[in-house]
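Structure, as structure tokens:
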Amino acid sequence: TQLLEQSPQFLSIQEGENLTVYCNSSSVFSSLQWYRQEPGEGPVLLVTVVTGGEVKKLKRLTFQFGDARKDSSLHITAAQPGDTGLYLCAGADGQNFVFGPGTRLSVLP
Amino acid sequence: ETGVTQSPTHLIKTRGQQVTLRCSSQSGHNTVSWYQQALGQGPQFIFQYYREEENGRGNFPPRFSGLQFPNYSSELNVNALELDDSALYLCASSIPGQGRETQYFGPGTRLLVL
Chain U
16 TQLLEQSPQF
26 LSIQEGENLT
36 VYCNSSSVFS
46 SLQWYRQEPG
56 EGPVLLVTVV
66 TGGEVKKLKR
76 LTFQFGDARK
86 DSSLHITAAQ
96 PGDTGLYLCA
106 GADGQNFVFG
116 PGTRLSVLP
Chain A
2 ETGVTQSPTH
12 LIKTRGQQVT
22 LRCSSQSGHN
32 TVSWYQQALG
42 QGPQFIFQYY
52 REEENGRGNF
62 PPRFSGLQFP
72 NYSSELNVNA
82 LELDDSALYL
92 CASSIPGQGR
102 ETQYFGPGTR
112 LLVL
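Protein sequence lines correspond, in order, to chains U and A. The end of the first sequence is residue 124 by our numbering, with every number in the run present. The end of the second sequence is residue 115 by our numbering, with every number in the run present.
Shown next as structure tokens:
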């Protein structure tokens with residue numbers, strides 16, 4: 016069974032700060048996805064990374080897939096209160112996805 | 002194009018009862034996946050349906066069963082409910098894409114088992 020770990024579990028920062036959250040596994044994934052989930056809603060896909068070493072940018076969010084395709088990071092620049100939420104990573108495992116436990120981010124104004 | 006919808010939004014049941022949760026997939030999507038998300042955890046894969054056939058199953062007992070209909074909507078049935086079944090149940094629709102597909106999640110059904 017492939018498992019994903021995420022760190023930190025919780026993160027509370029002030030508006031304008033930068034942050035990085037991590038997603039790690041001992042297994043290789045063919046692709047990895049990052050989602051954001053807000054209270055009372057389902058997860059919303061932010062990005063899919065496929066190639067080892069790949070870097071994708073989405074406005075203030077930068078996603079990186081590790082060279083060995085076992086880990087990934089999400090860096091947020093100048094965090095805003097609207098970034099608050101649960102950030103989940105998910106690795107492709109055949110026909111389905113394995114999710115990590117998430118990092119709960121709180122950005123205070 | 003309509004998004005993924007789920008019903009009901011909330012549900013309270015007692016141990017031993019049975020429950021049916023429903024999901025309408027996004028227009029054009031022939032694949033539906035169901036996940037269980039316990040409080041403070043990430044979603045755990047229950048099973049997936051593709052063109053009305055089960056197409057993969059996670060580590061859940063047989064009392065978790067499902068159906069997919071010709072219009073690609075889906076049901077999740079849970080028999081003999083246990084306290085630990087209390088969770089947010091999410092469905093996601095997609096078009097198969099070898100692990101690169103975009104899954105569109107519904108808002109979930111929050112089930113409380115007393």
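Where is the CB? At the ideal position from N, CA and C, for every residue including glycine.
Nearest-angstrom Cα separation, counted from residue j out to residue i
| i | j | result |
| --- | --- | --- |
| U/G117 | U/V43 | 19 Å |
| A/Q18 | U/K71 | 47 Å |
| U/S40 | U/P54 | 26 Å |
| A/H11 | U/D82 | 42 Å |
| U/L123 | U/G97 | 10 Å |
| U/C38 | A/V114 | 32 Å |
| U/L120 | A/I13 | 29 Å |
| U/L73 | U/L101 | 17 Å |
| U/E27 | A/N60 | A small correction: the amino acid at residue 27 of chain U is Ser; Glu does not occupy that position in the sequence shown. Going by the C-alpha atoms only, they are around 33 Å apart. |
| A/Q38 | A/L89 | 5 Å |
| A/Y51 | U/T66 | 27 Å |
| U/E69 | A/Q27 | 30 Å |
CB contact check: residue i to chain A, cutoff 9 Å
| i | result |
| --- | --- |
| U/S68 | Looking at the sequence shown, residue 68 of chain U is not Ser but Gly. So no, U/G68 is outside the interface. |
| U/T19 | Looking at the sequence shown, residue 19 of chain U is not Thr but Leu. Output row for U/L19: interface = yes. |
| U/G81 | no |
| U/V113 | yes |
Per-residue DSSP class, three states only, for residue i
| i | result |
| --- | --- |
| A/G57 | strand |
| A/L82 | coil |
| U/G55 | coil |
| A/G17 | coil |
| U/G106 | strand |
| U/D82 | coil |
| U/G97 | helix |
| A/G67 | strand |
| U/R119 | strand |
| U/V65 | coil |
| A/Q49 | strand |
Member of the options whose CA lies at the smallest distance from the CA of residue i
| i | options | result |
| --- | --- | --- |
| A/N49 | A/S75, A/H11, A/V33, A/S26 | According to the sequence displayed, residue 49 of chain A carries Gln and not Asn. Residue A/V33 is the option with its Cα nearest to A/Q49. |
| A/L112 | A/E102, A/N78, A/S95 | A/N78 |
| U/G115 | U/S87, U/P96, U/A93 | U/S87 |
| A/I47 | A/L12, A/G29, A/L91 | A/L91 |
| U/R51 | U/C104, U/L34, U/G109 | U/C104 |
| U/A107 | U/T92, U/R84, U/I91 | U/R84 |
Residue i Cβ short of 8 Å to the ligand FAD heavy atom set
| i | result |
| --- | --- |
| A/E102 | No copy of the ligand FAD occurs in the structure displayed, which carries no ligand at all. |
Contacts that residue i makes with chain C (C-beta to C-beta distance below 8 Å)
| i | result |
| --- | --- |
| U/L61 | Included in the structure are the protein chains U and A, with no chain C among them. |
Any C-beta of chain U under 9 Å from that of residue i
| i | result |
| --- | --- |
| A/V1 | Since the displayed chain A opens at 2 and closes at 115, residue 1 of chain A lies outside it and no answer follows. |
| A/F70 | no |
| A/P108 | yes |
What are the residues of the segment 97 to 110 of chain U that lie near chain A, defined by any Cβ-Cβ distance shorter than 9 Å? L101, L103, C104, A105, G106, A107, D108, G109, Q110
(request) For the segment 29 to 47 of chain A, enumerate the residues whose C-beta is nearer than 8 Å to any C-beta of chain U, in chain order. (result) S34, Y36, G41, Q42, G43, P44, Q45, F46
Worksheet entry | Short-range partners of chain A found in the segment 30 to 58 of chain U, where Cβ spacing is below 7 Å | Residues S45, S46, G55, E56, G57, P58.
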